[in-house]
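>
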């Protein structure tokens, strides 16, 4: 089969690799219909995730058809169409029993595209298939469903729920990439008073308005003043960090009100300064987290009910064998207008920008 293989920092290729095989009785083999590229994949290619070994097939999000299952798999069978979760769960360890699947201690957690071959391929082996896949109806488009493998659960669990968004809250989302936009969309389930999006890219701020932001601010033009003005100097109740940079994290700490919450979602590859000399007196709660994907069934129900603006986030569609071109477009998002890319469908750009 063909797959996107990591060969070390700044080096990858779409190439032939051996077909996956069942290793454990709880495995399934899935033929990939739709996959996507995550910002974390770009971190890997830059060499910022050092535990990824050369030779690894990347990708941790996918939709496809089950072609083979191990003897102990009970919930799915060949021919079923499934969503592949970015998190694999053994179902038996302490963390899995507490729905903390991202911290699974018996071979699960974030393993696809990290410690086992991932979904940017024609076929993938899915460990712990009963708990790591979700059946899909034929009415759900693959490029919509694939956003529930990681983007929407991450935004909802690590951003909105960890941030304890509530009625009337002022919510600031720093970073209007895919996860930031999904945070804006799912924060609305809890009737916040206003949502403010912060990003340097005009196209992404426009996208933020489309998914529900009440106000937007260019990150280069003093967004802290806008938050101050809108809250009469109090600050935001909830600030969601969806970038993963020291500068954006420190901006979040200056925007939050006393007693407020900062929910860090961004993947950080560098240390950020925690200004405790200013924060210790403010009763601020800071949360971090890897997604657990316990919310995926709920989000799938909302998707089927037309309550998630998934299509708004997809800006480009490519075929699988255009993987390298897709990576280039995604990596140059400021030039191409890419927000989220889906691979496996008819190739066509969905935004009128040069690629």
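Residue numbers (the UniProt record's numbering): 1 to 355.
Where is the CB? At the ideal position from N, CA and C, for every residue including glycine.
Keep in mind it's a predicted model, so treat the numbers as computed, not measured.
Among 264, 260, 206, which has the Cα closest to the Cα of residue 281?
260
> Cα separation between residue 48 and residue 204?
25 angstroms
> State buried or exposed for residue 311, treating a residue as buried only when at least 16 other CB atoms are found within 10 Å of its CB.
exposed
> Find the nearest neighbour of residue 108 within the set 19, 271, 323, 87, judged by alpha-carbon distance.
87
> Could you round the C-beta distance between residue 342 and residue 314 to whole angstroms and report it? I think they count as a contact, below 8 angstroms.
5 angstroms
> Counting only the same chain and skipping the five closest in sequence on each side, list residues whose C-beta sits under 7 angstroms from that of residue 118.
The residues are 57, 58, 59, 60, 112, 124.
> Pick out whichever of 50, 339, 209 has its Cα sitting closest to the Cα of residue 115.
50
> Taking 6 angstroms as the limit between beta carbons, can you name the residues of its chain near residue 15, skipping five residues before and five after?
Hits under 6 angstroms: 5.
> Tell me the DSSP bridge mates of residue 283?
Residue 283 pairs with nothing; no bridge assigned.
> Below 7 angstroms CB to CB, which residues in the same chain sit around residue 219 once its five sequence neighbours on both sides are set aside?
198, 199, 200
> Would you check if the distance between the CB atom of residue 173 and the CB atom of residue 180 is smaller than 9 angstroms?
A contact, by the Cβ cut-off of 9 angstroms.
> Run through DSSP, which three-state label would residue 11 get?
strand
> The beta strand (DSSP E) spanning residue 36 covers which residue range?
28 to 36
> Taking residue 296 as the reference, give the member of 69, 23, 53, 154 with the closest Cα.
154
> Tell me the rounded alpha-carbon separation between residue 317 and residue 163.
32 angstroms
> In whole angstroms, what separates the C-alpha of residue 122 from that of residue 31?
Answer to the nearest angstrom: the Cα atoms are 6 angstroms apart.
> Roughly how many angstroms separate the alpha carbons of residue 54 and residue 190, rounded to a whole number?
43 angstroms
> For the stretch 263 to 271 against the stretch 226 to 241, do three or more pairs of beta-carbon atoms, one drawn from each stretch, fall closer than 8 angstroms, so that the two count as touching?
They touch, by the three-pair rule.
> From what residue to what residue does the alpha helix (DSSP H) around residue 241 run?
Not the alpha helix (DSSP H): residue 241 falls in the beta strand (DSSP E), residues 236 to 241.
> Taking the alpha-carbon positions, what's the residue 321 to residue 328 distance?
13 angstroms
> According to DSSP, is residue 258 helix, strand or coil?
It is a strand residue.
> By alpha-carbon positions, which one of 81, 98, 82 ends up nearest to residue 89?
98
> Where does residue 88 sit, in a helix, a strand or coil, going by DSSP?
strand
> Specify whether the stretch 136 to 147 and the stretch 25 to 40 touch according to this definition: at least 3 beta carbon pairs, one from each stretch, less than 8 angstroms apart.
yes
> DSSP three-state label for residue 342, please.
strand
> Less than 9 angstroms between the beta carbons of residue 67 and residue 25, yes or no?
no
> Just the Cα atoms here: how many angstroms apart are residue 131 and residue 91?
7 angstroms
> Is DSSP giving residue 48 helix, strand or coil here?
coil
> Relative to the C-alpha of residue 175, which candidate in 85, 273, 133, 184 has its C-alpha closest?
The residue from 85, 273, 133, 184 with its alpha-carbon nearest to that of residue 175 is 184.
> Provide the residue(s) that pair with residue 135 in DSSP beta bridges, ordered along the chain.
82
> Can you name the residues that DSSP bridges to residue 123?
31
> Can you name, in chain order, every residue of its own chain whose Cβ lies under 6 angstroms from the Cβ of residue 194, other than the five neighbours on each side?
170, 214
> According to the neighbour-count rule (16 or more other Cβ atoms, all chains shown, within 10 Å of its Cβ), is residue 211 buried or exposed?
buried
> Going straight from the alpha carbon of residue 326 to that of residue 207, what length do you get?
20 angstroms
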